[in-house]
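Chains as they are written, first to last, in my numbering: chain E, 138 to 428; chain R, 138 to 428.
Protein chains: 2
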Amino acid sequence: MATTDLHTDEASRQGASSCVGVFDSGVGGLTVLTALRDAMPTEDFIYFGDTGRTPYGSKPQEMVARFAEEISAFLLSKQVKAIVIACNTASCAALDKLSRTLPVPVFGVIDPAIDAALVHGKRIGVIGTSGTINSEAYQTRLSARGAHVWSKACPLLAPMVEEGLWDDPIAQLVVRHYLEDAPKSLHSLILGCTHYPVLKNVMSRVVPWVNLIDSAESTAEVVRTALHQKGLANTRGTGAIRHFVTGDASSYRLLASRFGVDTSSVTAIDVADLIVLGQQFAATPQQRMPA
Amino acid sequence: MATTDLHTDEASRQGASSCVGVFDSGVGGLTVLTALRDAMPTEDFIYFGDTGRTPYGSKPQEMVARFAEEISAFLLSKQVKAIVIACNTASCAALDKLSRTLPVPVFGVIDPAIDAALVHGKRIGVIGTSGTINSEAYQTRLSARGAHVWSKACPLLAPMVEEGLWDDPIAQLVVRHYLEDAPKSLHSLILGCTHYPVLKNVMSRVVPWVNLIDSAESTAEVVRTALHQKGLANTRGTGAIRHFVTGDASSYRLLASRFGVDTSSVTAIDVADLIVLGQQFAATPQQRMPA
């Protein structure tokens with residue numbers, strides 16, 4: 138593939154009829170994809186699950202940022218008109234840089250979650266992977282807006298969800314292990330990982346007094362509004378979704394079906410090819426798409 | 138660093154007084170390191186924990202093989218006289234190739250575990266990461282030796298151990314989740330991941346009828362015998378251990394202390410430097426150390 142495909146040539150072809158690209162370290166971002174599809178039923182989507190390199194949460198930030206750039210290069214090669222980082226760890230590690238450098242609008246999940254949490258009051262908890270919590274991306278933004286923050290890294294939750302343990306005694310015990318110290322005074326708890334919404338039932342039994350904040354719906358609303366404002370909304374699409382994964386396609390299908398997402402089109406991508414694409418992209422000057 | 142350092146020049150300097158290099162995806166290999174130290178108290182060791190890229194178990198084999206090559210290049214740059222792959226996933230992915238290509242003896246953990254299991258009878262279970270179980274490395278070798286094999290991938294166990302949950306209700310429930318289908322006829326169960334020995338207490342309550350096979354001690358015995366036979370045993374070392382990790386050094390110290398291993402010397406290594414070292418190594422013709 139010529140590197141120019143990724144930049145100027147493609148950018149000039151991208152318009153309302155193009156797909157929206159969505160990516161995550163694995164299946165967690167499907168909670169965001171579902172909200173996007175519900176908010177914009179006539180948009181077409183590409184979902185990229187980096188299942189071969191999941192989890193992101195325990196990896197160094199610069200590594201996750203490089204993964205995010207490689208996946209963005211891949212999505213741009215598929216002519217997406219916008220990119221949604223449907224992963225908190227990758228949003229913390231890469232949103233700022235990708236927003237500055239990519240030729241299409243880029244959306245993360247952090248600010249929409251914060252906006253949704255502040256509706257309920259200023260005492261806010263946030264849970265996420267070690268990468269997300271240690272980056273302090275949520276804590277810094279919340280404090281700047283006057284919130285009192287309780288935070289906790291929960292390294293086992295995402296692997297547990299990837300394993301299909303969503304609402305059983307194991308999930309209950311592991312969630313209790315992490316949340317038993319949560320202050321009674323919390324107004325809300327941000328689920329700072331896109332895997333966590335499937336654990337809402339369990340969490341609401343463990344911390345029944347807090348509002349559980351899932352960034353999926355608020356992120357979808359932000360994306361919907363922005364696409365309209367930029368003249369990029371597609372009113373004629375069929376809601377088609379194509380999936381690309383770096384791990385095993387059949388394992389992905391099995392798990393994705395539990396999210397109620399159509400997985401008739403799943404393509405496995407070689408990580409080595411993705412790395413080359415990312416290197417080509419990084420080496421090429423980038424031109425932003427006209428707003 | 139000149140690439141020649143890694144090969145002929147170093148190999149000719151390596152002798153009995155050099156260190157033994159040991160590596161794993163994270164802290165699990167410390168169970169093997171402990172057994173090595175107990176079997177050879179006058180040997181000096183370098184332990185490399187790839188904590189920045191853990192876990193290996195969910196990653197594609199070729200990626201794990203590349204990681205193993207990069208770490209081997211690093212260990213050779215520290216003049217190790219032998220390398221122990223103290224990780225089942227990496228042994229499955231890389232032992233054959235590294236044994237052929239590295240200039241020092243290389244040891245894995247699979248065959249020692251199989252030898253130890255066959256002592257108890259031919260009905261053998263094996264548990265491990267998805268990478269280990271899907272590689273069928275154990276199953277193929279066991280079947281070739283006339284064993285009847287039951288196997289199960291247990292993706293949550295290694296992250297659970299890395300999280301410090303070793304002997305509590307969560308560990309009990311998760312172990313039960315994986316082992317409740319284990320046949321009553323099993324003579325032994327190979328703990329096909331170096332993280333699992335710390336779960337022995339829990340496992341012996343869940344499957345009290347089987348002999349739990351931990352490859353650490355049998356691997357240590359194989360290494361001890363081989364070093365003696367090759368004239369590489371060190372009878373004058375102090376049992377010093379230096380640790381190198383790709384993730385956070387203080388988190389590593391905290392978890393490693395639970396394994397009873399001295400971690401006074403821990404150095405953090407940049408993954409990017411490691412990748413460069415691996416590329417230099419792969420590009421250089423290799424010369425085996427005289428046996």
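Ideal Cβ positions, reconstructed from N, Cα and C, are used throughout, including at glycine.
It is roughly 26 angstroms from the alpha-carbon of E/Y184 to the alpha-carbon of R/G189. Taking a beta-carbon distance threshold of 8 angstroms, E/V298 does not count as an interface residue toward chain R. Within its own chain, the residues whose Cβ lies closer than 6 angstroms to the Cβ of E/V344, once the five positions on either side in sequence are excluded, are L316 and A319, listed in chain order. For R/T269, the enclosing alpha helix (DSSP H) starts and ends at S267 to S272. Membership of E/F396 in any alpha helix (DSSP H) is not indicated, and neither H nor E is assigned to it by DSSP.
The beta carbon of E/H380 sits no closer than 8 angstroms to any beta carbon of chain R. Taking R/T226 as the centre and dropping the five residues before and after it, the same chain places the C-beta of S162, Y193, G194, V201, T266, G268 and T269 closer than 7 angstroms to its C-beta, in chain order. For E/A219, the enclosing beta strand (DSSP E) covers residues A219 to I222. The Cβ of R/M340 sits no closer than 8 angstroms to any Cβ of chain E. Contact check for E/G384 against E/A210 fails: the beta carbons are separated by 8 angstroms or more. In its chain, beyond the 5 residues on either side, K321 have a beta carbon closer than 7 angstroms to the beta carbon of R/W346. Interface criterion not met: the Cβ of R/G186 is under 8 angstroms from no Cβ in chain E.
In chain E, no part has a C-beta under 9 angstroms from the C-beta of R/K234; the shortest such distance is about 17 angstroms.
Cβ neighbours of E/L212 within its own chain (closer than 8 angstroms, five residues either side excluded): G158, F160, I183, F185 and I220. According to the DSSP assignment, E/Y184 belongs to the beta strand (DSSP E) that extends over F182 to G186.
For E/K289, there is no enclosing alpha helix (DSSP H); the residue is found in the beta strand (DSSP E) stretching over H285 to A290. Distance from the CA of E/T331 to the CA of E/V359, rounded to the nearest whole angstrom, comes to 16 angstroms. For E/H257, no alpha helix (DSSP H) segment is defined, and its DSSP state is neither H nor E. Under the Cβ criterion of 8 angstroms, R/R361 is not counted among the residues facing chain E. Look at E/K289: its C-beta is not under 8 angstroms from any C-beta on chain R. Within the DSSP secondary-structure output, R/T404 pairs in a beta bridge with R/F381.
The beta carbon of E/V382 sits closer than 8 angstroms to the beta carbons of F185, G186, D187, T188, G189, Y389, V403, T404, A405 and I406 from its chain, once the five residues preceding and following it are set aside; these are given in chain order.
Among the residues of the stretch 306 to 317 of chain E, those with a Cβ less than 8 angstroms away from any Cβ of chain R are P306, I307, L310, V311 and H314, in the order of the chain. Contact between the stretch 272 to 286 of chain E and the stretch 254 to 262 of chain E is present: three or more C-beta pairs spanning the two stretches fall below 8 angstroms. Cβ atoms of E/P249 and E/S352 come within 8 angstroms of each other, at about 5 angstroms. E/D161 sits in a strand when the DSSP states are folded into three classes. Note on R/L310: 16 or more other CB atoms within 10 angstroms of its CB, so buried under the neighbour-count rule.
In the three-state DSSP reduction, E/V311 falls in the helix class (H, G or I). Put simply, of R/I412, R/A420, R/V398 and R/A419 the residue whose alpha carbon is nearest the alpha carbon of R/L167 is R/V398. In this structure, the CA atom of R/D304 is about 40 angstroms from the CA atom of R/V413. Counting only the Cα atoms, E/A253 lies some 26 angstroms from E/K218. When rounded, the separation of the alpha-carbon atoms in E/W287 and R/L336 is 32 angstroms. Ranking R/Q216, R/V246, R/S214 and R/I222 by CA distance to the CA of R/A205 puts R/I222 first.
By the rule that beta-carbons nearer than 8 angstroms mark a contact, R/R390 does not touch chain E. At the C-beta level, R/T171 and R/N371 stay beyond 8 angstroms of one another. Taking C-alpha positions only, E/I307 is separated from R/H324 by approximately 28 angstroms.
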